[in-house]
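Colleague: Handing you a structure now.
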Ligand code: SF4
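Put into structure tokens, the structure is as follows:
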């Protein structure tokens, strides 16, 4: 049974061909860390992200060259692209005209009303949604001075930005409320969810390196998803963004919200293990990153206990001293040389039926 509660009903928007909110599956997204102006590097990274299960990608648009690059990037990728812009309305318009499927820009930061209207007109005529991205570290001066960098202040900033867009009769909006600590992030999203039906992009920002980032994201995003809050998620790690996608899918899988590809379970090893199980597990994980078969695969350290310990796995391998075994549902079905184990397992997975 899913750990996640009933999803909070939000208004549905469309980012390219991906629905967000309104009961659509929680969408997984990430952001490239290549120079957007470098089209081939950016396309290569987006393809790697797509292979790993990324459904929406965001690119930084710091200048006009990057805004123009959006067109060439879009022509070579298969998932919707969001242009991330700070302040400069001309970049938002250029990215929109270049074919971006969404804009991330805070209208309150753009300046004059005429400039905001120009961005909104462009987004409207292109059918492109806008994400208002509130960050605890860069709140409007007056809000920060009176309310501090609190969850309430983040929500106040979001509501102010929403009002600007609603006043221009623009409603294709998503909101994110990010702080670098879990408690403020969770508090802000809970408060926001109680006040509006705008779809929510959930994440903990600047979460840190692999351990801190995964932990904070899993707890922060996981708590919110478990309460039915969150329509699209972005894990933020100081790493290759492919790791963000892997983490996002593990969070969704752990909560039984969505599944993608094989679930790999592996033992922690102990004094009985005679093989390099860490490397084997990593090799299998890498080999299966593109697989969409929803099977459970076990990688166990020893023949004596492994198959029994991983009875619920569809398929697994267990190492021994020189030889290893392949097992199905806890029963040994094949023996082979230890160095053949990974290949034997992958061949067997190839032959299995799956999605
Ligand atoms: S499967 Fe074997 S090696 Fe792994 S933890 Fe269990 S007993 Fe130890």
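In our numbering, the protein residues as written are 257 to 611.
Using N, Cα and C, we set each Cβ at its ideal position, and we do this for glycine too.
Roughly how many angstroms lie between the CA atoms of residue 489 and residue 528, to the nearest whole one?
Modeller: 40 Å
Colleague: Would you say the beta carbon of residue 565 is closer than 7 Å to some non-hydrogen atom of ligand 1?
Modeller: Yes, the beta carbon of residue 565 sits closer than 7 Å to at least one heavy atom of ligand 1.
Colleague: Rank 422, 338 and 477 by C-alpha distance to the C-alpha of residue 433 and give the top, closest one.
Modeller: 477
Colleague: Per DSSP, what kind of secondary structure is residue 378 in: helix, strand or coil?
Modeller: Judged by DSSP in its simplified three-state form, residue 378 adopts helix.
Colleague: Determine the burial state of residue 266: buried for a count of at least 16 other Cβ atoms within 10 Å of its Cβ, exposed for fewer.
Modeller: Residue 266 is buried by the Cβ-count criterion.
Colleague: Is the beta carbon of residue 572 closer than 8 Å to that of residue 555?
Modeller: yes
Colleague: Cβ of residue 414 within 8 Å of Cβ of residue 372?
Modeller: Result no, Cβ atoms of residue 414 and residue 372 do not sit closer than 8 Å.
Colleague: Taking the alpha carbon of residue 386 as the reference point, which residue from 268, 467 and 292 has its own alpha carbon closest?
Modeller: Closest option to residue 386, judged by alpha-carbon separation, among 268, 467 and 292: 268.
Colleague: Any contact of the stretch 269 to 279 with the stretch 464 to 475, i.e. 3+ C-beta pairs under 8 Å?
Modeller: no
Colleague: Using the C-alpha atoms, what's the distance from residue 364 back to residue 304?
Modeller: 34 Å
Colleague: Taking the alpha-carbon of residue 562 as reference, which of 362, 551 and 576 has the nearest alpha-carbon?
Modeller: 576
Colleague: Under 8 Å: do the stretch 298 to 318 and the stretch 328 to 346 share three or more Cβ pairs, one atom per stretch?
Modeller: Yes, the stretch 298 to 318 touches the stretch 328 to 346.
Colleague: Under three-state DSSP, which class holds residue 556?
Modeller: strand
Colleague: Please state the DSSP three-state secondary structure of residue 271.
Modeller: strand
Colleague: Let me know if residue 441 comes out buried or exposed under the rule of 16 or more other beta-carbons within 10 Å of its beta-carbon.
Modeller: buried
Colleague: Would you say residue 565 and residue 526 are within 8 Å of each other, going by their C-beta atoms?
Modeller: no
Colleague: What do you reckon, are the CB atoms on residue 597 and residue 513 nearer than 8 Å?
Modeller: At a Cβ-Cβ threshold of 8 Å, residue 597 and residue 513 do not count as neighbours.
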